[in-house]
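Right, here's the structure in full:
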């Protein structure tokens, strides 16, 4: 199987920070792979709040994660201050991709690169819906 490669985008649309919590650690005493998606989920919720949107009310639709890819670069440990940058990297007719760059602020290290594919869904019919124009225009 070939390795996943994720290129860093030219710009970022949002930045937040958070400290690693004890329940982010695995039995190897470093950040667990399951915690990476939890951390970017928290960052995504903060990003959406900054544009007055939510996953459960994304311009009247639901916002669902359709897929994800993670490339690990370095370990992170309990108490490390992480910086999470987010870029709206691709826009499609029914969704978009978010790129996340996680860095360790204290040690100036790149920890992980993540990409999530997000799709819009009608909350009543539960069918995939077109991306709201308001969002697309903001990030094109």
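Numbering (the numbering used here), first residue to last: 208 to 347.
The beta carbon of each residue, even a glycine, is placed where N, CA and C say it ideally should be.
What you are looking at is a predicted structure, and each value in this text was computed from that prediction instead of being measured.
- Minimum Cα-Cα distance from residue 220 among the listed residues 317, 315, 304, 337 corresponds to 304.
- Under DSSP, residue 231 forms no beta bridge with any residue.
- With the rule of 3 Cβ pairs closer than 8 Å, the region 255-262 does not count as touching the region 308-322.
- Proximity to residue 293 across 308, 300, 234, 328 peaks at 308, based on C-alpha coordinates.
- The DSSP-derived three-state label of residue 333 is coil.
- Shown here, residue 252 sits in a helix according to DSSP, grouped into three states.
- The three-state reading of DSSP puts residue 219 in coil, since its state is none of H, G, I, E or B.
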